[in-house]
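Oh and the sequence shown: position 294 is 294 in UniProt numbering, straight run, nothing missing.
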Amino acid sequence: MSPSSPAVRPGVTPDGAAPDTGALPTVSPAPADDPRGLALGFTAYFVWGLLPLYMAVLAPAGTLEIVVVRIGFALIFCLLLLTVMRRLRELGTALATPGRWGTTGLAAGIIAVNWLLYAVSVTTGNVLQASLGYFMNPLVNVLLGVLFLGERLRRGQWVAVGIAVAAVVVMSAAMGQVPWIALGLATSFGLYGFVKKRFPSPVHAVTAMTAETVVLIPVFVVGSVLLAQAGLLTTVTEGPGHFWLMAGLGVLTAVPLILFSAAARSLTLTTLGMLQYTAPILQFLVAVTVLGEQMPAARWAGFGLIWLSLAVFTLDQLNASRLQRRAVRAGQGAHA
Numbered sequence: 001m002s003p004s005s006p007a008v009r010p011g012v013t014p015d016g017a018a019p020d021t022g023a024l025p026t027v028s029p030a031p032a033d034d035p036r037g038l039a040l041g042f043t044a045y046f047v048w049g050l051l052p053l054y055m056a057v058l059a060p061a062g063t064l065e066i067v068v069v070r071i072g073f074a075l076i077f078c079l080l081l082l083t084v085m086r087r088l089r090e091l092g093t094a095l096a097t098p099g100r101w102g103t104t105g106l107a108a109g110i111i112a113v114n115w116l117l118y119a120v121s122v123t124t125g126n127v128l129q130a131s132l133g134y135f136m137n138p139l140v141n142v143l144l145g146v147l148f149l150g151e152r153l154r155r156g157q158w159v160a161v162g163i164a165v166a167a168v169v170v171m172s173a174a175m176g177q178v179p180w181i182a183l184g185l186a187t188s189f190g191l192y193g194f195v196k197k198r199f200p201s202p203v204h205a206v207t208a209m210t211a212e213t214v215v216l217i218p219v220f221v222v223g224s225v226l227l228a229q230a231g232l233l234t235t236v237t238e239g240p241g242h243f244w245l246m247a248g249l250g251v252l253t254a255v256p257l258i259l260f261s262a263a264a265r266s267l268t269l270t271t272l273g274m275l276q277y278t279a280p281i282l283q284f285l286v287a288v289t290v291l292g293e294q295m296p297a298a299r300w301a302g303f304g305l306i307w308l309s310l311a312v313f314t315l316d317q318l319n320a321s322r323l324q325r326r327a328v329r330a331g332q333g334a335h336a
């Protein structure tokens, strides 16, 4: 699903290292989008969008095993990548910097919670909640800016947030409970991006991600032991096919990050902000058309309100960006 400016806005990815796609430019307008960057960015979000479908075929693996194995194989794959990239020394430097331990540990803990909730959404048949959570993420990012950075919302942003609150109320009434998976995913993803942006890492995105998975090694070890003792470690009991499917989680954790990091260097912030909706749209389609999750009228109403909220939010962002560019051009003309 990374982070640059203190405020976290649309476009934060699951690795937490993307540029701030909602921040308004303070210099001259960004260059036109590079088609190659567009393809890379779309591919990254496409993979994230289809991840629930991949996780669904990992049965009989349970929620805890999916998270534990994801940590282990993500670490292995990232270490291999760093070896190929000749950045292992950079990882050593990052881990040996005491001033980064707190930030790395906090980011690792938050993303572990996010991975857990994501796995829960798949194993309990609630992928629609995952989709809802990631649709809500841009709005959560704005609220984090208000709560922690003292930012003030524009009128359009207040309207968007108000509609989103109404959507949560409607969804809660329809489900008979608060959509805690969706809210948890949106909040954890937003907090992860906030931490990564507020305390940016000086190292490469893959190095930073590897450092975070290193911090999670105790979770991997303890979880693996508990699963093995309970006879629930299906990764090593269900044959080679299942083993390699589980190993693929490591690849699917790291590869989209690399693709997105490359795309972010050649796309405008507006384009990145639009691309981010690819993932929850695909999650929604997978949940309804492939996994067979039900969409009664009340759920359609809830999602409809979220989509309306995002439309208002996006139009407000585009308008604010347009006014900012106009002000920049006017300032340049005045000094010409």
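Even for Gly, the Cβ is constructed at its ideal location relative to N, Cα and C.
As the structure is a prediction and not an experimental result, all values here were calculated from the model.
Closer than 8 Å by C-beta to residue i: which residues in its own chain qualify, once you throw out the five before and the five after it? Chain order, please.
| i | result |
| --- | --- |
| residue 327 | none |
| residue 319 | 156 |
| residue 293 | 125, 126, 127, 128 and 287 |
| residue 152 | 146 |
Buried or exposed: where does residue i fall if 16 or more other Cβ atoms within 10 Å of its Cβ makes it buried?
| i | result |
| --- | --- |
| residue 229 | exposed |
| residue 202 | exposed |
| residue 256 | buried |
| residue 177 | exposed |
| residue 195 | buried |
| residue 299 | buried |
| residue 310 | buried |
| residue 241 | exposed |
| residue 173 | exposed |
| residue 290 | exposed |
| residue 100 | buried |
| residue 282 | buried |
| residue 149 | exposed |
Let me make sure I understand the geometry here. Which of the options has the alpha-carbon closest to that of residue i?
| i | options | result |
| --- | --- | --- |
| residue 146 | 219, 90, 190 and 61 | 190 |
| residue 130 | 288, 101, 331 and 162 | 288 |
| residue 304 | 111, 88 and 168 | 168 |
| residue 125 | 184, 139, 83 and 63 | 63 |
| residue 127 | 52, 248 and 235 | 52 |
| residue 247 | 69, 33 and 65 | 69 |
| residue 71 | 165, 291, 98 and 112 | 112 |
| residue 162 | 331, 308, 322 and 321 | 308 |
| residue 94 | 120, 213 and 65 | 213 |
| residue 249 | 33, 65 and 267 | 65 |
| residue 59 | 234, 253, 268 and 148 | 234 |
| residue 164 | 140, 154, 148 and 251 | 140 |
| residue 244 | 39, 77, 198 and 33 | 77 |
| residue 39 | 314, 284, 297 and 275 | 275 |
| residue 102 | 331, 282, 283 and 198 | 198 |
| residue 80 | 227, 254, 322 and 149 | 254 |
Would you report the Cα separation of residue i and residue j, rounded to the nearest angstrom?
| i | j | result |
| --- | --- | --- |
| residue 133 | residue 271 | 21 Å |
| residue 118 | residue 35 | 31 Å |
| residue 96 | residue 115 | 26 Å |
| residue 37 | residue 209 | 22 Å |
| residue 92 | residue 205 | 14 Å |
| residue 75 | residue 182 | 27 Å |
| residue 223 | residue 54 | 22 Å |
| residue 88 | residue 123 | 35 Å |
| residue 316 | residue 56 | 37 Å |
| residue 67 | residue 61 | 10 Å |
| residue 29 | residue 306 | In this prediction, residue 29 scores a pLDDT of 43, lower than 50, which makes its location untrustworthy; no coordinate-derived value is stated. |
| residue 215 | residue 225 | 17 Å |
| residue 138 | residue 211 | 26 Å |
| residue 239 | residue 220 | 21 Å |
| residue 135 | residue 236 | 36 Å |
| residue 179 | residue 104 | 29 Å |
| residue 186 | residue 231 | 33 Å |
| residue 121 | residue 251 | 20 Å |
| residue 280 | residue 184 | 15 Å |
| residue 331 | residue 268 | 21 Å |
Quick one: what's got a C-beta closer than 7 Å to residue i's C-beta in the same chain, skipping five residues either side?
| i | result |
| --- | --- |
| residue 329 | none |
| residue 295 | 288 |
| residue 159 | 312 |
| residue 278 | 42, 45, 46 and 49 |
| residue 301 | 170 |
| residue 110 | 188, 191, 192 and 195 |
| residue 207 | 82, 87, 90, 91 and 94 |
Looking at the unbroken alpha helix (DSSP H) that takes in residue i, where does it start and where does it end?
| i | result |
| --- | --- |
| residue 341 | Residue 341 lies beyond the stretch modelled for the chain, which goes from 1 to 336, so this question has no answer here. |
| residue 122 | 98–123 |
| residue 129 | 127–149 |
| residue 155 | 155–175 |
| residue 230 | From DSSP, residue 230 is part of no alpha helix (DSSP H); its letter is neither H nor E. |
| residue 294 | Unbroken run through residue 294: none, as it is neither H nor E. |
| residue 45 | 35–56 |
| residue 194 | 180–198 |
| residue 204 | Neither: residue 204 is in no alpha helix (DSSP H) and is coded neither H nor E. |
| residue 266 | Where residue 266 is concerned, there is no enclosing alpha helix (DSSP H), given that its DSSP letter is neither H nor E. |
| residue 92 | 88–95 |
| residue 283 | 278–285 |
Please go through the same chain and pick out, in chain order, the residues whose beta-carbon is closer than 6 Å to the beta-carbon of residue i, but skip the five residues on each side of it.
| i | result |
| --- | --- |
| residue 85 | none |
| residue 108 | 212, 215 and 216 |
| residue 266 | 34 and 37 |
If you measure from the beta carbon of residue i to each beta carbon in chain D, is any gap under 8 Å?
| i | result |
| --- | --- |
| residue 191 | As a matter of chain content, chain D is missing from the structure shown, which is built from one protein chain. |
At a cut-off of 7 Å, would you count residue i as near the ligand SAH, judging by its Cβ distance to the nearest heavy atom?
| i | result |
| --- | --- |
| residue 326 | As presented, the structure is devoid of all ligands, the ligand SAH included, so that no description of it is given. |
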